[in-house]
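Heads up: the sequence shown begins at 464 in our numbering, then just goes up one per residue. Quick reminder that beta carbons are idealized off the backbone N, C-alpha and C, glycines included.
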Amino acid sequence: MMIDEIRAELERLYPQLIADYKSLIQIPSKKAKAEPNAPYGPACKQVLDKALELCEREGLSTGNADYHMVYGQYGVGEDYVGMFCHLDVVEEGVGWQYPPYAAQIVDNRMYGRGALDSKGPSMAAFYALLILKNLGVVPKRPIRIIFGADEESGMSDIEYYLEHVKAPVMGFVPDNKFPAIYGERGRAIVEITGPADVFTEFYNKYLLNLDGTGKSLGVSCKDEHFGQMVVRGVRLVNTAEGIGARFSLSTPVCDIDALIEQLKQTAKKLNVKLVHFDKWALKNPLSTNAIVLQAAYDEVMQTKTKMTTTTGMTYAHKCETVIPFGPSFPGQNGIAHLPNEWFDLADLKKCIEIYAYALYKLNEVETIVP
Numbered sequence: 464m465m466i467d468e469i470r471a472e473l474e475r476l477y478p479q480l481i482a483d484y485k486s487l488i489q490i491p492s493k494k495a496k497a498e499p500n501a502p503y504g505p506a507c508k509q510v511l512d513k514a515l516e517l518c519e520r521e522g523l524s525t526g527n528a529d530y531h532m533v534y535g536q537y538g539v540g541e542d543y544v545g546m547f548c549h550l551d552v553v554e555e556g557v558g559w560q561y562p563p564y565a566a567q568i569v570d571n572r573m574y575g576r577g578a579l580d581s582k583g584p585s586m587a588a589f590y591a592l593l594i595l596k597n598l599g600v601v602p603k604r605p606i607r608i609i610f611g612a613d614e615e616s617g618m619s620d621i622e623y624y625l626e627h628v629k630a631p632v633m634g635f636v637p638d639n640k641f642p643a644i645y646g647e648r649g650r651a652i653v654e655i656t657g658p659a660d661v662f663t664e665f666y667n668k669y670l671l672n673l674d675g676t677g678k679s680l681g682v683s684c685k686d687e688h689f690g691q692m693v694v695r696g697v698r699l700v701n702t703a704e705g706i707g708a709r710f711s712l713s714t715p716v717c718d719i720d721a722l723i724e725q726l727k728q729t730a731k732k733l734n735v736k737l738v739h740f741d742k743w744a745l746k747n748p749l750s751t752n753a754i755v756l757q758a759a760y761d762e763v764m765q766t767k768t769k770m771t772t773t774t775g776m777t778y779a780h781k782c783e784t785v786i787p788f789g790p791s792f793p794g795q796n797g798i799a800h801l802p803n804e805w806f807d808l809a810d811l812k813k814c815i816e817i818y819a820y821a822l823y824k825l826n827e828v829e830t831i832v833p
């Protein structure tokens, strides 16, 4: 059975996997000032070079989108299955028990900045591809793993890639949660400012005891895919227009212009500004890609789950043909970006099993329904 073969090959490769994983964590790949051939700084170039080195070592063909993204590929052809991964990390912050770039294993957990977000999941995707190659699975379509280095700072890397390189026909992003994720919420940042007395009255009435749904502000909304809108992150600001507050809306499918107009009605005599808006990304849950990934997860895990949506934002927001898929399992709390970031190595192995089997099943697909 293919799942058993995948597990056996994973056990054989496990020591090498851990060594490669550590080598990535030990590179402090934070975005920095651009340099020649390093649009996100020298450390991000270094980690992308490391990814290329690993791909070349394993006999994959490689490509380089001017160090915005690099990739390794198994197979030949125009239409490919793609896995978008990122190797850049956020700042370390303070409060670490274990050095953030030492890649220490304690109690079967890999500790380090980027261990979970997203160097561990990137290695899970890489080894999933490698296992299929080693098992002699012949790709009907090439399988490509793409590594980026600006996911944490705006995703200009994948935007550049998709402007210069053809998008995959199917695939996933190992940077969220299981099972298959067919939608990512929208994100809006709103600022309300004005004279101190007027704003204080508004704040005490509407924001001081905000219920989180937007109902008190007159902007509550929900839909069948994402559920209830969430208002959060209220903080006070001081601007040229006066004092005020800035907060975020985690939106379902909605009319954002109508929401802003309603806020203007609620916050009369104040300035209401939509500072930033990322539209939701809603994919077809009946697509071949989503159905195959969901079924592969359930088969490996021996569960019967349902596809879901997320409040997070991944590369899938930028690429229509891929969806988020792992690495976190249902019920696990997010620890990315926190001190002492870690990834359980048992979960890492399980992710590899799921990803390898998912790629195997995607490889069996003849006709793709978008």
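{"Check": "Whole-angstrom distance between P505 and L722, CA atom to CA atom", "Outcome": "42 Å"}
{"Check": "Presumed contact (8 Å Cβ cut-off) between S585 and L625, rounded CB distance", "Outcome": "Not a contact, Cβ separation roughly 19 Å."}
{"Check": "Same chain, Cβ closer than 7 Å to A565, neighbours up to 5 away in sequence not counted", "Outcome": "G575"}
{"Check": "Span of the beta strand (DSSP E), counted from its first residue to its last, around G707", "Outcome": "G705 to T714"}
{"Check": "Inter-residue Cα distance where the pair is P502 and K496", "Outcome": "8 Å"}
{"Check": "Exposed unless 16 or more other CB atoms sit within 10 angstroms - verdict on L699", "Outcome": "exposed"}
{"Check": "From I606, T525 and V697, residue whose alpha carbon lies closest to that of M546", "Outcome": "I606"}
{"Check": "Inter-residue spacing [alpha-carbon to alpha-carbon] between D761 and G794", "Outcome": "16 Å"}
{"Check": "Test item: CB-CB of A591 and A758 under 9 Å", "Outcome": "no"}
{"Check": "Three or more C-beta pairs below 8 Å linking the segment 507–524 and the segment 731–750", "Outcome": "no"}
{"Check": "C-alpha distance - E519 paired with I644, whole-angstrom precision", "Outcome": "31 Å"}
{"Check": "Buried/exposed call for G583, threshold 16 Cβ in 10 Å", "Outcome": "buried"}
{"Check": "Buried versus exposed call for M618 [16 or more other C-beta atoms within 10 Å across all chains shown]", "Outcome": "buried"}
{"Check": "Same chain, Cβ closer than 8 Å to N826, five either side skipped, listed in chain order", "Outcome": "V544, L595, V600, P602, K603, R604 and I606"}
{"Check": "Nearest to K813 (by Cα), restricted to the options K494, G577 and P642", "Outcome": "P642"}
{"Check": "Length of the line joining the Cα atoms of S616 and L801", "Outcome": "17 Å"}
{"Check": "The segment 685–704 touching the segment 647–662, judged by at least three CB pairs closer than 8 Å", "Outcome": "yes"}
{"Check": "Touching by the beta-carbon criterion (3+ pairs, under 8 Å), the segment 803–811 and the segment 556–563", "Outcome": "yes"}
{"Check": "Contact check, V763 vs I481, beta carbons under 9 Å", "Outcome": "no"}
{"Check": "Span separating the alpha-carbon of G634 from that of L745", "Outcome": "15 Å"}
{"Check": "Where G545 falls: helix, strand or coil (DSSP)", "Outcome": "strand"}
{"Check": "For I568: DSSP bridge partner residues", "Outcome": "M573"}
{"Check": "With 16 other Cβ atoms within 10 Å as the buried cut-off, status of N527", "Outcome": "exposed"}
{"Check": "Under the three-state DSSP convention, the category F589 falls into", "Outcome": "helix"}
{"Check": "Beta carbon proximity, A809 to chain D, threshold 9 Å", "Outcome": "The structure shown contains no chain D; it holds only a single protein chain."}
{"Check": "Helix, strand or coil at Q560 [DSSP, three-state]", "Outcome": "coil"}
{"Check": "Buried versus exposed call for T714 [16 or more other C-beta atoms within 10 Å across all chains shown]", "Outcome": "buried"}
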